[in-house]
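What follows is one structure encoded as structure tokens, with my remarks underneath.
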Amino acid sequence: MKTVKRKSVGTHFSMCVQPAFIIGTNNEDGTYNFAPITWVSVTDEKDSDYMLVISMHGTKKTKQNVLRTGVLSANLVSKDMLELMDYFGTHHAKDGKKDAFSYNVSRGEVVDVPVLDESRWVYECEVIKSVETGESTTFFCQIKNVQIDERLECANTFEIDLTKLDPVIYSGMYHSIGKLLGKIGDFGK
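Start counting the sequence shown at 64; every next residue gets the next number (this note's numbering).
See below:
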């Protein structure tokens with residue numbers, strides 16, 4: 064294996080490779096709200112499959128909706144949704160309804176949350192715990208349902224070919240996945 068030479072750059076460089084999601088929530092008046100959030104991961108929970116972990120910073124409407132209702136959808140962003148994600152990221156609910164861009168919304172199948180019809184992978188979630196850290200809130204969410212594009216083969220969700228989902232990856236800029244490299248165990252001899 065080749066040794067890499069590194070240099071220290073300080074802690075102000077906070078690049079972190081993150082999947083891009085658009086979080087769907089219910090406003091107080093029953094309308095929907097969407098916002099891109101990239102601080103999303105999973106963790107194990109005793110006696111359960113796994114939980115979605117989502118951190119939101121500041122006072123955005125999406126965060127306030129989750130705190131109020133305890134439910135959300137996490138819509139994975141694929142490359143064909145990048146313009147929509149960027150629109151949601153540059154337009155804020157406090158400035159009015161985000162309706163200058165065309166998109167289709169339906170309701171979750173298990174949780175009463177708005178979901179984006181364009182998303183190929185959607186989590187319907189209920190918050191079971193939240194943790195405050197400074198201006199951020201981290202939500203630990205029980206996944207109540209997962210909707211996937213019916214064109215995806217899904218014998219084991221851990222073996223989904225991400226190149227078929229074509230997800231947007233965020234690190235301060237938008238990126239995409241190039242190719243499938245293999246499975247665990249394919250490279251160790």
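Just so you know, even glycine gets a beta-carbon here, dropped at the ideal spot from N, CA and C.
Three-way DSSP call (helix, strand, coil) for Arg300 in this model: Since the first residue shown for the chain is 64 and the last is 252, residue 300 is missing from the structure and cannot be characterised.
Exercise for the section: Look up Leu244 in the DSSP assignment and say whether it is helix, strand or coil. Expected result: coil
_Given this structure, state the Cα-to-Cα distance separating Trp223 from Cys217, to the nearest angstrom._
Per the sequence shown, residue 223 should be read as Ile rather than Trp. The straight-line gap from Cα to Cα measures roughly 7 Å.
Q: With a 10 Å radius around its C-beta and 16 neighbouring C-beta atoms as the bar for buried, classify Cys79 as buried or exposed.
A: exposed
Where does Asn128 fall in DSSP's three states? helix
Between the C-alpha atoms of Asp249 and Leu243, what's the straight-line distance to the nearest angstrom?
12 Å
Requested in this report: Give the DSSP-derived three-state secondary structure of Glu222 in the structure shown.
Outcome: Helix at Glu222.
**Prompt:** When the distance is taken between beta carbons, is Gly133 closer than 8 Å to Glu189?
**Reply:** yes
#### Entry: Sequence-distant residues of its chain with Cβ nearer than 7 Å to Gly171 (five each side left out)
Here the set comprises Ser136, Val178, Glu187, Asn208.
query: Taking just the CA atoms, how far does Gln210 sit from Trp184?
result: 6 Å
Would you report the Cα separation of Gly282 and Thr201, rounded to the nearest angstrom?
No answer is possible for residue 282: the residues shown for the chain start at 64 and end at 252.
Since Leu130 and Ile206 are thought to touch, with beta carbons under 8 Å apart, how far apart are those beta carbons, to the nearest angstrom?
Not confirmed; about 19 Å, so no contact.
Check: Counting along the chain, where does the alpha helix (DSSP H) carrying Thr153 start and finish?
Finding: 145 to 153
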